[in-house]
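Note that full-length UniProt numbering numbers the sequence shown so that position 71 is 71, with each residue one more than the last.
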Amino acid sequence: MAEVAPYPDLIQAAFVSDLCQLLVACNIAWAAVDHPFWQHLFATWLPAVILPSHQVLAGRILEQEAQRVVVDMKARVKGRFATSQSDGWKNIVRTSLVASMINVEYSPYLLNAVDISSQPKNAENLLEIVKAEIKYCVEVLKTKIVAWCMDSSGESVKMRRLLHNLFLWIVVVACWAHQLNLVVSDYIKLKLPFMAVFDCTVEVIKWFNNHSQALRMLKEETKARLGKAYALVMSVITRWTTHYLSCRRLLLLETPMRTLAVSANEVLVLCGEIRLKRSGKQRKLYELCYLPISGMNCTSIVQCHLQPLAIAVNTTQANNARLDTILLTLGHLYHLFSDPAYEAEQTDQDIFILAVVLNPYLRTKCFCQDNAAVTEALLSAMLEWCYKRMLSMNADIYLFQSFTNYLHYLGKFSEDHMALEKHHQLTQNAETDVNLVTIWRQLDMGGLNGRNGLVALAMHILSIVLNSAATERIFSAMGIVHSDIRNRLDAERVCHTVLLK
Numbered sequence: 001m002a003e004v005a006p007y008p009d010l011i012q013a014a015f016v017s018d019l020c021q022l023l024v025a026c027n028i029a030w031a032a033v034d035h036p037f038w039q040h041l042f043a044t045w046l047p048a049v050i051l052p053s054h055q056v057l058a059g060r061i062l063e064q065e066a067q068r069v070v071v072d073m074k075a076r077v078k079g080r081f082a083t084s085q086s087d088g089w090k091n092i093v094r095t096s097l098v099a100s101m102i103n104v105e106y107s108p109y110l111l112n113a114v115d116i117s118s119q120p121k122n123a124e125n126l127l128e129i130v131k132a133e134i135k136y137c138v139e140v141l142k143t144k145i146v147a148w149c150m151d152s153s154g155e156s157v158k159m160r161r162l163l164h165n166l167f168l169w170i171v172v173v174a175c176w177a178h179q180l181n182l183v184v185s186d187y188i189k190l191k192l193p194f195m196a197v198f199d200c201t202v203e204v205i206k207w208f209n210n211h212s213q214a215l216r217m218l219k220e221e222t223k224a225r226l227g228k229a230y231a232l233v234m235s236v237i238t239r240w241t242t243h244y245l246s247c248r249r250l251l252l253l254e255t256p257m258r259t260l261a262v263s264a265n266e267v268l269v270l271c272g273e274i275r276l277k278r279s280g281k282q283r284k285l286y287e288l289c290y291l292p293i294s295g296m297n298c299t300s301i302v303q304c305h306l307q308p309l310a311i312a313v314n315t316t317q318a319n320n321a322r323l324d325t326i327l328l329t330l331g332h333l334y335h336l337f338s339d340p341a342y343e344a345e346q347t348d349q350d351i352f353i354l355a356v357v358l359n360p361y362l363r364t365k366c367f368c369q370d371n372a373a374v375t376e377a378l379l380s381a382m383l384e385w386c387y388k389r390m391l392s393m394n395a396d397i398y399l400f401q402s403f404t405n406y407l408h409y410l411g412k413f414s415e416d417h418m419a420l421e422k423h424h425q426l427t428q429n430a431e432t433d434v435n436l437v438t439i440w441r442q443l444d445m446g447g448l449n450g451r452n453g454l455v456a457l458a459m460h461i462l463s464i465v466l467n468s469a470a471t472e473r474i475f476s477a478m479g480i481v482h483s484d485i486r487n488r489l490d491a492e493r494v495c496h497t498v499l500l501k
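Next comes the structure, spelled out in structure tokens:
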């Protein structure tokens, strides 16, 4: 084959950039570029390109691509409101990392992952990391940090208190997706008669998954009765909503499972018995499927209890789970269950209530008209307190006038002037959610005081997102990149890979 001249530098640089992105997008190991057949393939079909080594590709090239992502991120987040979040994680080689992200008006962006393996895991060290991230967001990314969200572990709670003492205008909040998942965990531990069946359902699922012959027979029976085979869902506390999905799937397979327990009982008995975790007793599958009281009926009760909690977890883990979304979700759960155990402080209540009121589609429609706790005077007092705390300014008469006009749909705060129906139709056509910050930004005339103070405060409050679920998803992505067979990747390279991906 005749010798082919290499591509010019610009084309070669573009090729190397795309090759780096291809490996990241498809989760291909960096060492693949040094494989003999990989080299043969490119030498045969693309002889004009110069293949970089995996050290160059995963080093200088990856860093360049990550910097391009950061430059693009700066343009997207500059001047916007952000809720920051952080959480800890251990990778496959037991390196302790603290990852930080920002949710900029409902779009999450990865900031950094800091290795803290050699440091004490306490609130003071965590605070130093958070302060560095705030400085980076304000000075480099030019974003406006409104809130900081973390889970409710001991060091996180203390760190939030210390952070509030340093930055009074930053709203420190707990992750409500974690809070509701803890409610599910507490529910599973209840010592109630019908909860005994939940142990049975878990063990039945484990038993089928561990006995291939029984599982194959169940799939065949399911396919014959329901038209397709369904997998059993194993509930895991770290995977949100799986307890509900596990019960729902087991109820779907109730008829095939009962039929199989009768028609193939002798074969199933040979597979072995099921040991119940709570009682330690050995039970046959036939007995579990036909318990007179527990059985599938109690599984249905558990599913009915878990369904609203699963919906609530899905709602609160979304990237646009605003303060008003959380409060309305808790209100819905309040009507379904007994009085929630969470007792909010007055400061929390004010911001949550104002978030609902400053939602232009809701305002005061969600509250009873005769509720003495949400009169216009008390709402104005909440507004004054939040305005002074978050914007560090005293309210004036023009702010209160604007708030009164807003509550009564007057002037520029009318539904027509705010184009609420238009925004609703546009987002429906795009199959997305209304961005409330964008609606308020259209009324922004600059400045933080006077009549525009209400607009500024509304954008601050409605940009707060009360979950750190985006960080959990980043950890899942890092776990895919930093796997058992790619365990020599350092934390910075993993962070750059996930950032690019």
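Positions of the beta carbon are idealized from the N, C-alpha and C atoms, including for glycine.
Classify residue i: buried if its beta carbon has 16 or more other beta carbons within 10 angstroms, exposed otherwise.
i	result
P108	buried
C368	exposed
T347	In this prediction, T347 scores a pLDDT of 47, lower than 50, which makes its location untrustworthy; the coordinate-derived value is nonetheless stated afterwards. Its Cβ having fewer than 16 others within 10 Å, T347 is exposed.
P360	buried
L489	buried
T83	buried
I461	buried
R322	buried
Y334	exposed
I61	buried
A43	exposed
V236	exposed
L141	buried
V267	exposed
C298	buried
I11	exposed
W240	buried
N429	exposed
G331	exposed
A224	exposed
G280	Interpretation of G280 is limited by its pLDDT of 47, a score under 50 that renders its predicted location unreliable; the figure taken from the coordinates is listed afterwards. Flag for G280 reads exposed.
M390	buried
So what's residue i in DSSP terms, helix, strand or just coil?
i	result
D18	helix
M390	helix
W240	coil
F337	coil
M418	coil
P256	helix
Q349	helix
N405	helix
residue 522	There is simply no residue 522 to check, as the chain begins at 1 and stops at 501 in what is shown.
R363	coil
What is the C-beta distance between residue i and residue j, in whole angstroms, given that I count them as a contact (C-beta under 8 Å)?
i	j	result
I311	L250	In fact, because the Cβ distance is near 19 Å, the residues do not count as touching under 8 Å.
N320	V465	7 Å
L166	V172	Rounded, the Cβ-Cβ distance is 10 Å, inconsistent with contact.
A174	D199	Rounded, the Cβ-Cβ distance is 30 Å, inconsistent with contact.
L51	Q39	7 Å
G134	V98	First, the residue type needs correcting, since residue 134 is Ile and not Gly in the sequence shown. Contact flag wrong, Cβ pair sits at about 14 Å.
A5	A48	7 Å
L499	L110	5 Å
For residue i, is the beta carbon positioned less than 7 Å from some heavy atom of the ligand SAH?
i	result
A99	No copy of the ligand SAH occurs in the structure displayed, which carries no ligand at all.
Quick check: the region 169-179 against the region 468-475, are at least 3 beta-carbon pairs closer than 8 Å? The region 468-475 makes contact with the region 169-179; the number of CB pairs closer than 8 Å reaches 3 or more.
Is there contact between the region 227-234 and the region 243-251, where contact requires at least three CB pairs shorter than 8 Å? Yes, the region 227-234 is in contact with the region 243-251.
Does the structure place the region 180-189 close enough to the region 155-165 that three or more beta carbon pairs sit under 8 Å? In short, these stretches do not touch, since the Cβ pair count stays below three.
Kindly confirm or deny that the region 16-33 and the region 50-58 touch, where touching means at least three C-beta pairs closer than 8 Å. When C-beta atoms of the region 16-33 are compared with those of the region 50-58, three or more pairs fall below 8 Å, so the two segments count as touching.
For a minimum of 4 consecutive residues, which ranges assigned as the alpha helix (DSSP H) are wholly contained in the UniProt domain "HAT C-terminal dimerisation" (454-498)? As far as the UniProt domain "HAT C-terminal dimerisation" (454-498) is concerned, its whole alpha helix (DSSP H) runs of at least 4 residues are 469-481.
The region 137-151 in contact with the region 79-98 per 3-pair CB rule at 8 Å: Output reads yes: the region 79-98 touches the region 137-151.
Determine contact between the region 477-492 and the region 436-446, defined as no fewer than three beta-carbon pairs at a distance below 8 Å. The region 477-492, when compared against the region 436-446, does not touch it at the 8 Å Cβ threshold.
Enumerate, from N- to C-terminal direction, the unbroken beta strand (DSSP E) stretches of 3 or more residues contained entirely within the UniProt domain "DUF659" (52-191). Listed in chain order, the complete beta strand (DSSP E) runs (minimum 3 residues) inside the UniProt domain "DUF659" (52-191) are 81-90, 96-104, 107-115, 144-150 and 171-174.
Whether or not the region 381-400 and the region 447-458 are in contact is what I'm after, with contact meaning three or more pairs of Cβ atoms, one per stretch, closer than 8 Å; do they touch? Yes: the two stretches touch, three or more of their Cβ pairs being nearer than 8 Å.
Contact between the region 62-69 and the region 85-92 is defined here as three or more beta-carbon pairs at a separation below 8 Å; is this criterion met? Taking one beta carbon from each stretch, the region 62-69 and the region 85-92 have fewer than 3 pairs nearer than 8 Å; the two do not touch.
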